[in-house]
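S.K.: Please read through the structure below; I'll follow up with questions.
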Amino acid sequence: MNFNMSLPGLEAFRIKKTVENGGVFQLHVELDAKPHRCPVCNVLTKKVHDYRTQKIQHSKLFVRETLIFYRTRRYKCEQPNCEKRFYENNSLVERYQRQSKELKQAIALELIHGKNFKSVASRFNISSTTVMRRFDEVGSSFLKETKELPSVIAIDEYKGDSDGEKYQTIIADPVDRKPLEILPDRKKETVETYLKEHGQRVEVVVMDMSPATLIRSLMNEFVIPIENVVPHNHWSGKNCPKNLLYQFGRFQDQFMDSTPPDIKSIYTNRK
Numbered sequence: 001m002n003f004n005m006s007l008p009g010l011e012a013f014r015i016k017k018t019v020e021n022g023g024v025f026q027l028h029v030e031l032d033a034k035p036h037r038c039p040v041c042n043v044l045t046k047k048v049h050d051y052r053t054q055k056i057q058h059s060k061l062f063v064r065e066t067l068i069f070y071r072t073r074r075y076k077c078e079q080p081n082c083e084k085r086f087y088e089n090n091s092l093v094e095r096y097q098r099q100s101k102e103l104k105q106a107i108a109l110e111l112i113h114g115k116n117f118k119s120v121a122s123r124f125n126i127s128s129t130t131v132m133r134r135f136d137e138v139g140s141s142f143l144k145e146t147k148e149l150p151s152v153i154a155i156d157e158y159k160g161d162s163d164g165e166k167y168q169t170i171i172a173d174p175v176d177r178k179p180l181e182i183l184p185d186r187k188k189e190t191v192e193t194y195l196k197e198h199g200q201r202v203e204v205v206v207m208d209m210s211p212a213t214l215i216r217s218l219m220n221e222f223v224i225p226i227e228n229v230v231p232h233n234h235w236s237g238k239n240c241p242k243n244l245l246y247q248f249g250r251f252q253d254q255f256m257d258s259t260p261p262d263i264k265s266i267y268t269n270r271k
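At position 91 of the sequence shown (counting the first as 1) the number is 91 in full-length UniProt numbering, and the numbers step up by one without a gap.
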């Protein structure tokens, strides 16, 4: 039975069946058959080799979790010296993926607006690991190749769990407020290699990650002078604005107490 309806992200598809099962909305869809061009020999073919049903997680429809069962065709090239078998083109899902393009875009929007991994995972009923992978994909797509870092950079770590590494390192431009690079881990050797290749112009580093280990040992090897590494501490302005000045004064004291004398002189000389 065909349904005369059009749903977001599924405009090109024929909806064969809809089922609600345990609060989950299930859609069974397929595309109309049409000639496809062989990716090997570039010759058009209409010969269908077989069908396979792909289970795909989609963004919510009608306030329900949504699964799509996509009956996809595999075509066969009719050229005797080719006979390549390949899947039909579709706008729903990328190859080897289990989430629809629309769901991945929705996840990306949540991440861009600053939502944390756990809340995004809960919202879309997916694992935190899946969200982390999507974050890496989105971050990489926004990053342009950095051949030379600016004079001021910020270095921080985040929990990403990518390629077996629990933490990754992000390098950003704090002046123009834009990310520059995401490194696959937070190891000293990785950061050191990257800075040696791209950090010839770097004069100041702002950071909030393991200052006594990673960065300090790295700077002592003269990749960047230690006196130009500016640490910063987190502080809380609870009960603002009443206690704002008091809290800020305490923050300044804590900062100066934890700052090495050579770095402290940078601030005292400004006054």
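Ideal Cβ positions, reconstructed from N, Cα and C, are used throughout, including at glycine.
Measuring CA to CA, which of ARG71, ILE56, PHE62, PRO150 is closest to ARG201?
M.R.: Cα-wise, what sits closest to ARG201 is PRO150.
S.K.: Would VAL43 be called buried (16 or more neighbouring beta carbons within 10 Å of its own) or exposed?
M.R.: When all chains shown are included, VAL43 counts as exposed.
S.K.: Please name the residue in PRO35, LYS101, ASN125, HIS198 whose C-alpha comes closest to that of THR45.
M.R.: Out of PRO35, LYS101, ASN125, HIS198, PRO35 has the C-alpha closest to the C-alpha of THR45.
S.K.: Is the number of C-beta pairs between the segment 179 to 192 and the segment 118 to 131 that are closer than 8 Å three or more?
M.R.: Verdict: no, contact absent.
S.K.: Would you kindly report the start and end of the unbroken alpha helix (DSSP H) that includes ARG123?
M.R.: Segment 117 to 124, the alpha helix (DSSP H) holding ARG123.
S.K.: Assign ARG85 to one of two classes, buried (16 or more other C-beta atoms within 10 Å of its C-beta) or exposed (fewer than that).
M.R.: Exposed, because fewer than 16 other Cβ atoms sit within 10 Å of the Cβ of ARG85.
S.K.: Under a three-way DSSP split, which group does THR18 fall into?
M.R.: Of the three classes helix, strand and coil, the one that applies to THR18 here is strand, per DSSP.
S.K.: Whose C-beta lies closer than 7 Å to the C-beta of ILE170 among residues of the same chain, with five residues either side of it excluded?
M.R.: Closer than 7 Å at Cβ, skipping near neighbours: ASP156, TYR158, PRO179, ILE182.
S.K.: Our contact map puts HIS28 next to LYS47 with C-beta atoms below 8 Å; I'd like the distance itself, whole angstroms only.
M.R.: Contact doesn't hold; Cβ gap of about 24 Å is too wide.
S.K.: Would the beta-carbon of LEU103 fall within 7 Å of that of HIS58?
M.R.: It is a contact, given that the beta carbons lie within the stated cut-off.
S.K.: Which stretch, first to last residue, makes up the beta strand (DSSP E) that contains VAL63?
M.R.: Note, VAL63: premise wrong, no beta strand (DSSP E); not H, not E.
S.K.: Can you tell which of GLY23, THR18, LEU92 has its C-alpha closest to the C-alpha of LEU10?
M.R.: Comparing Cα positions, the closest option is LEU92.
S.K.: Whole angstroms is fine: what's the gap from ALA121's alpha carbon to TYR167's?
M.R.: Computed Cα separation, rounded: 18 Å.
S.K.: Residue 283 to ALA33, Cα distance in whole Å?
M.R.: Residue numbering for the chain in the displayed model covers 1 to 271; residue 283 lies beyond these limits and cannot be assessed.
S.K.: Please confirm whether VAL191 and ALA154 have their CB atoms less than 7 Å apart.
M.R.: It is not a contact, given that the beta carbons lie outside the stated cut-off.
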